[in-house]
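Under this note's numbering, the first residue of the sequence shown is numbered 6, with each subsequent residue one higher. Before any comments, here is the structure.
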Amino acid sequence: MFTMTRAMEEALFQHFMHQKLGIAYAIHKPFPFFEGLLDNSIITKRMYM
6 MFTMTRAMEE ALFQHFMHQK LGIAYAIHKP FPFFEGLLDN SIITKRMYM
């Protein structure tokens with residue numbers, strides 16, 4: 006796993022904020038999407054539940 010700088014984190018956050026509607030429409034089944042986020046440690050088990 007790599008360490009993300011604050012600037013990179015902010016840039017990614019801004020990108021996802023601008024793209025969130027498109028992302029939401031592209032996800033037809035939430036189960037595999039959230040499972041992938043959990044597997045890659047992007048979300049915690051608590052967030053997944």
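The beta-carbon is built from N, C-alpha and C at its ideal position, and this holds for glycine as well.
Can you list, in chain order, the residues of its chain whose CB lies under 6 Å from that of residue i, leaving out five sequence neighbours each side?
i, result
"Lys-34", "none"
"Leu-43", "Tyr-53"
"Ile-48", "Leu-42"
So what's residue i in DSSP terms, helix, strand or just coil?
i, result
"Ile-48", "coil"
"Ile-28", "helix"
"Met-22", "helix"
"Met-13", "helix"
If we ignore side chains and look at the alpha-carbon of each, how far apart do residue i and residue j end up?
i, j, result
"Glu-14", "Leu-26", "20 Å"
"His-23", "Pro-37", "23 Å"
"His-20", "Arg-11", "14 Å"
"Ile-28", "Met-9", "22 Å"
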